[in-house]
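Enquirer: Structure provided below as structure tokens; questions to follow.
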Amino acid sequence: MKRLVLWLAAALALASCGRPAEPEAEDRSARAQFPPDKHGELVYQGYRVFTQTPKAARIYTGNSLTCASCHLDAGRKAHAAPMWAAFAMYPAYLSKVDRVVTLEERIQQCFRFSMNGFSPPQDSHEMRALIAYMQWLAIDRPVGVEQPGRGFPTVPRTGSDPNPLRGKQIYAQRCASCHGGQGEGMGYQEIQGTYAVPPVWGFNSFNKGAGMHRADLLAGFLKANMPLGNADLSDQDALDVAAWMGLQERWPDPRKGLLPGLLAQ
Ligand code: HEC
Ligand code: HEC
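For the sequence shown, the working numbering begins at 936 and goes up steadily by one.
Right under this line is the structure:
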């Protein structure tokens, strides 16, 4: 009995001083975006996995990014690979694996490479919640039709090779104020396990198997989305910064094994 009282006291103490009030208020207002019923609850849980991945899908996540670090505005922003445009296009052929994959399999890839983690099983709660969230975003959208704003834009060839040294300068001028001089990110939030501005290289960012490690895809993302709120890079700027980022340290492609990936790039 005495032990029970002690436990209760400890639990109460933890509950009262553990968390700052703000994230909870944020959670409540996030919940209010979705219907108050059972369906809305599952959609909300998918939203949480999407926007707080290291916390809400902890065992599958291997870095400090969230899905929304790249799929901006919680997967809603056009030209940042939005989920409303992706949902109705699967199953789809994917050249990376040379076969037709389901949406669940496509999500598993982003966990393995972009999140440097592990594939959640197709019937895991995290996967079901993510699919529910994406389906909710895609309600009333056409099925099987390539919608404008899907994926990232393609940056055309400029006639000059990407120049990483020029990219280094642009990074210092346009990116480092938010993402840090060493690409390390800014504003680590311990409870969430994420950064206010996510790391763009190093061991807390995506690995070398990720789409973002491909200079052309990264350049397309940057052209449409970075610097955040003021995306004005030229095609050449975007390619040059992408080339610079491609030279930085990050976890190897897990398909190539840990050691060879670390020794030879
Ligand atoms: C480091 C950046 C990054 C992170 C983090 C990330 N992704 Fe992606 N994702 C990409 C890139 C790059 C693509 C490929 C886009 C393309 O081919 O145009 C992609 C594609 C996708 C697609 C297919 C889009 C389409 O239109 O076919 C889905 C679905 C997806 N991601 C879901 C997720 C989920 C869920 C998470 C979190 C678990 C996540 N992603 C985390 C970068 C990221
Ligand atoms: C005003 C601050 C700001 C500036 C300047 C900025 N970013 Fe970002 N960037 C962000 C934020 C915030 C996110 C994540 C978005 C989210 O979580 O909603 C992000 C996401 C990213 C991502 C995808 C996630 C990751 O960590 O890999 C990349 C890559 C990126 N930025 C590169 C750049 C580059 C390159 C520049 C300079 C050309 C730049 N950013 C300038 C704030 C900024």
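Every residue gets a Cβ at the ideal spot worked out from N, C-alpha and C, and that includes glycine.
From a predicted model like this one, the values you see are computed outputs, not experimental measurements.
Please report the Cβ distance between glutamine 1127 and proline 989, rounded to the nearest whole angstrom; I am assuming they are in contact, meaning their Cβ atoms lie under 8 Å.
Expert: Taking the first residue of the sequence shown as 1, we reach residue 1127 at position 192. Taking the first residue of the sequence shown as 1, we reach residue 989 at position 54. Going by Cβ atoms, the distance from glutamine 1127 to proline 989 rounds to 7 Å, so yes, they are a contact pair.
Enquirer: Helix, strand or coil for methionine 1147 per DSSP?
Expert: One-based indexing of the sequence shown puts residue 1147 at position 212. Methionine 1147: helix per DSSP, three-state reduction.
Enquirer: Any heavy atom of ligand 2 closer than 7 Å to the Cβ of serine 1004?
Expert: Counting from one through the sequence shown, the residue named residue 1004 turns up at place 69. Answer for serine 1004: yes, Cβ within range of ligand 2.
Enquirer: Give the DSSP-derived three-state secondary structure of glutamine 1124 in the structure shown.
Expert: Here residue 1124 refers to the residue found at position 189 of the sequence shown. Reduced to three states, the DSSP call for glutamine 1124 is strand.
Enquirer: Examine ligand 1 and report whether any of its heavy atoms sits within less than 7 Å of the Cβ of leucine 1215.
Expert: Nothing can be reported for residue 1215: it is not among the residues displayed for the chain, which extend from 936 to 1200.
Enquirer: For the alpha helix (DSSP H) that contains tyrosine 1130, what are its first and last residues?
Expert: In the sequence shown, counting from the first residue as 1, residue 1130 sits at position 195. Counting along the chain, tyrosine 1130 falls outside any alpha helix (DSSP H), though it belongs to the beta strand (DSSP E) covering 1129-1132.
Enquirer: Where does valine 1176 sit, in a helix, a strand or coil, going by DSSP?
Expert: Here residue 1176 refers to the residue found at position 241 of the sequence shown. Here valine 1176 sits in helix by DSSP.
Enquirer: Please list, in chain order, all residues of the same chain as aspartate 1170 whose beta carbon is under 8 Å from its beta carbon, the five residues on each side excluded.
Expert: On the sequence shown, residue 1170 is found 235 positions in, with the first residue counted as 1. Closer than 8 Å at the Cβ level, and outside the excluded window around aspartate 1170, lie Val1090, Pro1091, Thr1093, Ala1154, Lys1158.
Enquirer: Between glycine 1084 and alanine 1020, how many whole angstroms is the CB-CB distance? I'm expecting something under 8 Å.
Expert: If you number the sequence shown from 1, residue 1084 lands on position 149. If you number the sequence shown from 1, residue 1020 lands on position 85. Going by Cβ atoms, the distance from glycine 1084 to alanine 1020 rounds to 6 Å, so yes, they are a contact pair.
Enquirer: Is the closest heavy atom of ligand 1 to the C-beta of cysteine 1110 under 7 Å?
Expert: The count along the sequence shown starts at 1 and reaches residue 1110 at position 175. The answer is no for cysteine 1110.
Enquirer: Taking alanine 1013 as the reference, which of Gly1086, Ser1004, Leu1000, Ala1150 has the closest Cα?
Expert: Within the sequence shown, numbered from 1, the residue matching residue 1013 stands at position 78. Minimum Cα distance to alanine 1013 is reached at Gly1086.
Enquirer: Which full runs of the alpha helix (DSSP H) of 4+ residues lie inside the region 966-1046, going along the chain?
Expert: For the region 966-1046, whole alpha helix (DSSP H) runs of length 4 or above, ordered along the chain, are 973-986, 988-991, 1002-1005, 1007-1010, 1018-1022, 1038-1044.
Enquirer: Based on Cα-Cα distance, which residue from Ala1023, Ile1105, Glu1039 lies nearest to isoleucine 1074?
Expert: Translated into the one-based positions of the sequence shown, residue 1074 becomes position 139. Of the listed residues, the one whose Cα sits closest to isoleucine 1074 is Ala1023.
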